[in-house]
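See below for the structure under consideration.
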Amino acid sequence: MKKIVSIFLLLFIFGCAQSKNDSIDLIEEKLSNIIPIELNIESISDSQLPNFFEVKLSDGSFFYVQQDGEYLLLGDIFKITNEELINLSREKNYSKAKAMLKKIDEASLIKFSPEELKYKIYVFTDVDCGFCRKFHSQIKSYLDEGIEVNYLAFPRSGTQSETYKKMSTAWCSANKQEILTGLKKDINFENKDCLNNPIKTHYELAKSIDIQGTPTIISQSGFTIPGYIDAKDLIEYLK
């Protein structure tokens, strides 16, 4: 009897796996005729929404597709409880960002610390990004609010770009803060590189949580703000 039950169980599991694979193949086939040619499907996986897969594209965007490939949903998923709406998509992003923060080598950051520390943020930056420059030009206002700014490098044009070379000069210098500030004011420095250059690692960390632009600000809890925000408004998110 136990052997019969085991056989039926194995057949059921195999059937479910095969059915899931068939659904994924169907979805890939349908989407290949819809998504822009320059984008690729990076993954199709189970989602928190019953009977829907989460589809992630190569540009970091994602959406949800019914398992039979009939319907597509864009946007966040909310769970309705008796007391509140829970943004499941945001919670997932929080956990991904928080896990990423644990992988950061603190010694690889360029830090700007306040006299009295209240909050820490991690900022992916690009020295040629206009809003990154605006953010940095107001660095004193963040420090005055007790916010420690920890910079990670994210050259948007990639790790073979001129921006990468400029940012390497900051991260490979003894006076990192001064060089980074100068670069964001269009001051030219002689390019410098080093064996322990962390920028490629920073770049991969950013890509692992689908960061596309700069500045991207991440709190210690994993809350992520894509884009510029002034110190007063930022404090409201950090409280």
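Residue numbers (the working numbering): 12 to 250. C-beta atoms are modelled at their ideal positions from N, C-alpha and C, and glycine is treated no differently. These numbers were taken from a predicted model, which means no experiment stands behind them.
Asked: Y214 lies in the alpha helix (DSSP H); which residues open and close that run?; Found: 210 to 219
Asked: I need the straight-line Cα distance from G80 to I38, nearest angstrom please.; Found: 5 Å
Asked: For C205, count neighbouring C-beta atoms within 10 Å of its own C-beta (all shown protein chains included) and say buried if the count is 16 or more, exposed if not.; Found: exposed
Asked: What's the call for A118, buried or exposed, on a 16-neighbour Cβ count within 10 Å?; Found: exposed
Asked: Is it the case that the CB of Q78 approaches a heavy atom of the ligand SAM more closely than 8 Å?; Found: With respect to small molecules bound, the structure shown includes none, and the ligand SAM cannot be examined in it.
Asked: Beta-carbon within less than 7 Å of M111's beta-carbon, same chain only, minus the 5 sequence neighbours each way: which residues are those?; Found: L216, S219, I220
Asked: So, under 8 Å CB-CB, H147 and T192 are touching, yes? Tell me the CB distance rounded to an integer number of Å.; Found: 7 Å
Asked: I'd like to know if the segment 149 to 161 and the segment 236 to 243 are in contact, where contact means that at least 3 CB-CB pairs between them fall below 8 Å.; Found: yes
Asked: Looking only at its chain, what residues have a beta carbon closer than 7 Å to the beta carbon of P237, apart from the 5 residues adjacent to it on each side?; Found: G224, T227
Asked: Going by C-alpha distance, which of D155, S168, T174, Q188 is nearest I246?; Found: D155
Asked: The beta strand (DSSP E) with I236 in it runs from where to where?; Found: 235 to 237
Asked: DSSP state of E39, grouped into three classes?; Found: helix
Asked: So what does DSSP say about K250, is it helix, strand or coil?; Found: coil
Asked: Figure out for me which residue from Y82, E127, I121 has the closest Cα to the Cα of T136.; Found: I121
Asked: Any idea what DSSP makes of Y130, helix, strand or coil?; Found: strand
Asked: Can you name, in chain order, every residue of its own chain whose Cβ lies under 7 Å from the Cβ of N62, other than the five neighbours on each side?; Found: Q77, Q78
Asked: Go ahead and label I229 buried or exposed: buried means 16 or more other beta carbons lie within 10 angstroms of its beta carbon, across all protein chains shown.; Found: buried
Asked: For T136, does the three-state DSSP call read helix, strand or coil?; Found: strand
Asked: Leaving out the 5 sequence neighbours to the left and right, which residues in its chain are closer than 6 Å to G169 when beta-carbon positions are compared?; Found: none
Asked: Is DSSP giving D79 helix, strand or coil here?; Found: coil
Asked: Could you compute how far the alpha carbon of I190 sits from the alpha carbon of S56?; Found: 43 Å
Asked: Give, in chain order, every unbroken run of the alpha helix (DSSP H) that is at least 4 residues long and sits entirely within the segment 145 to 228.; Found: 150 to 155, 173 to 182, 187 to 194, 210 to 219
Asked: Short of 7 Å in beta carbon distance, which residues of its chain neighbour F234, apart from the five on each side in sequence? Order them along the chain.; Found: Y105, Y248
Asked: Have a look at D116, N186, D33 and flag the residue whose alpha-carbon is nearest the alpha-carbon of T212.; Found: D116
Asked: Between F200 and K129, what straight-line distance do the alpha-carbon atoms span, to the nearest angstrom?; Found: 34 Å
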